[in-house]
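In our numbering, the protein residues as written are 4 to 481.
What follows is the structure, given as structure tokens:
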């Protein structure tokens, strides 16, 4: 099925090699297997020789992948990876040695292997092809070992907590920590509620603990730092420990910059703050080097953004309709209902930060229908009595340079002779919504556009009894 002829490529003349093939397993296809050869990554701690193998997984029926290597004779398994893992880095290479690799996708049916791919690791220094991207980019990595931190004061700065997957003080910066990925091929992730890393803001407790993984080179954590062009410094708080007398280190990659951080000694825990300076978006990866057992682990606690960067926000009301419909077409828009059912997430850069009901509210599964390409995907609304103390509060965020067009869907009626009024506030600007008659219902649609942050409040102006109510069905963004 596959060509088993080894192919040798001199690394002196080729820094990045790629082959493309198809592997059929369980009647589904995964393809595009690539081997990238990284040689002599210069860092402050010296240099390493590594082979970085990545592949594209277009199948959903594999149980996992195996990476096999041979110097001579038979292939030997060097890593067994979980499903959906698409990368492996082999650091255990010896200069002057030839290695052959192959990748296998396995499930209950069996294992399907890629072609063999062989490389020569020369003894002499490598002459890098200058047409390739440099290994050191504009980002900088500065690491320091710190005393056991216990309490870390945020002082208003933005924090991403690995343990809770939550972001705090989000308005501090328009830069973001996103796309957290744990690639775990040995053992399991452990979420530890520990006081060793306790974050507080102006003396008030915010979060504590960390996420732990075994100290094995097949495990790693990565995340994206999304910059906006302004200088920013992200501080990663973490700890490591290896229960061995053998020297150990781990690799930090930030964009096109990398650094190897040596662990001072074994049989104990070491705490670090790693500062990553950046201005544009990039990926960060933390990867153990080697395999150590016992209590050995790599732990990540949180990322703190240090430089304040505030998005310029604007919001503009475009229309208010009092004759809308109970059927809301969400076929080509992102939506969220009053009961927090959402869909079509990729159709807008707008985010719903929060929907709050200040006062007594009740959900009713009636009247409103959200329709996506002819299918009802959600129904209902949340109602509040017509009291001026009752408020529907909505917070939205848009990180894009382009405005987001938003529609709010409400139903209101006041059981009173004559007119009645709702009050809407959009980023502090007040807009009246006047109902021209009583003892009846109005289907209301409010349209506006915004960038940055938008805060909306809608409430009755007076207290009116009887059947009088204000109902919120949901919103759309595009």
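Cβ atoms here follow ideal geometry from the backbone N, Cα and C, with glycine treated the same way.
Predicted, not measured: the structure shown is a model, and the values here were computed from it.
Give me the DSSP bridge partner(s) of residue 279. 144, 237
Residue 431 versus residue 160: straight-line alpha-carbon distance, rounded: 25 Å
If you follow the beta strand (DSSP E) that residue 110 is in, where does it begin and where does it stop? From DSSP, the beta strand (DSSP E) with residue 110 extends over 100-110.
Please report the straight-line C-alpha distance between residue 448 and residue 285, rounded to a whole angstrom. In this structure, the CA atom of residue 448 is about 40 Å from the CA atom of residue 285.
Below 8 Å CB to CB, which residues in the same chain sit around residue 198 once its five sequence neighbours on both sides are set aside? Only 153, 211 meet the Cβ criterion.
Using 10 angstroms around the beta-carbon of residue 68, count the other beta-carbons present and answer buried if the total reaches 16, otherwise exposed. buried
Are residue 204 and residue 236 touching if we call contact CB-CB under 8 Å? no
Pop quiz: residue 339 and residue 407 are said to be a contact at Cβ under 8 Å. What is the actual Cβ separation, rounded to whole angstroms? That belief does not hold up - the Cβ atoms of residue 339 and residue 407 are roughly 13 Å apart, past 8 Å.
Would you mind sorting residue 249 into buried or exposed? The rule is 16 or more other CB atoms within 10 Å of its CB. exposed
Look at the alpha carbon of residue 410 and the alpha carbon of residue 453, and state the distance between them as a whole number of angstroms. 11 Å
Is DSSP giving residue 332 helix, strand or coil here? strand
Reducing DSSP to helix, strand and coil, say where residue 478 ends up. strand
Please classify residue 371 as buried or exposed, where buried requires at least 16 other C-beta atoms within 10 Å of its C-beta. buried
Reduced DSSP category for residue 350 - H, G, I as helix; E, B as strand; rest coil: helix
Taking Cβ to Cβ, would you say residue 363 is nearer than 8 Å to residue 475? Cβ atoms of residue 363 and residue 475: not closer than 8 Å.
Could you tell me the alpha carbon to alpha carbon distance between residue 256 and residue 288, rounded to whole angstroms? Straight across, the Cα-Cα distance linking residue 256 with residue 288 is about 5 Å.
Does the beta-carbon of residue 258 have 16 or more other beta-carbons within 10 angstroms, so that it is buried, or is it exposed? The residue in question, residue 258, is buried, as its Cβ has 16 or more Cβ neighbours within 10 Å.
Comparing C-alpha positions only, which one of 220, 477, 213 sits nearest to residue 1? Residue numbering for the chain in the displayed model covers 4 to 481; residue 1 lies beyond these limits and cannot be assessed.
At the level of alpha carbons, what is the spacing between residue 8 and residue 119? Since pLDDT at residue 8 reaches only 32, below the 50 mark, its modelled position is unreliable, and no value is offered.
Between 331, 181, 308, 435, which has its C-alpha nearest residue 378's C-alpha? Of the listed residues, the one whose Cα sits closest to residue 378 is 331.
Leaving out five residues before and five after residue 394 in sequence, what residues of the same chain have Cβ atoms less than 6 Å from its Cβ? 361, 460, 462
Span of the beta strand (DSSP E), counted from its first residue to its last, around residue 184: Its beta strand (DSSP E) spans residues 179-186.
C-beta contact flag for residue 514 and residue 186 at 8 Å: In the structure as shown, the chain begins at 4 and stops at 481. Residue 514 is therefore absent and cannot be evaluated.
Could you name the residues of the same chain whose beta carbon sits closer than 8 Å to that of residue 148, not counting the 5 residues immediately before and after it, in chain order? 267, 273, 274, 275
Can you tell me the Cα-Cα spacing of residue 400 and residue 346, whole angstroms? 17 Å
Within the same chain, show all residues whose beta-carbon is closer than 6 Å to that of residue 358, passing over the 5 residues directly before and after it, in chain order. 397
Residue 215 beta carbon less than 8 Å from that of residue 302: yes
Close-in-space but distant-in-sequence residues of the same chain around residue 145 (CB under 6 Å, 5 per side omitted): Same-chain partners within the cutoff: 278.
C-beta atoms of residue 218 and residue 291 nearer than 8 Å: yes
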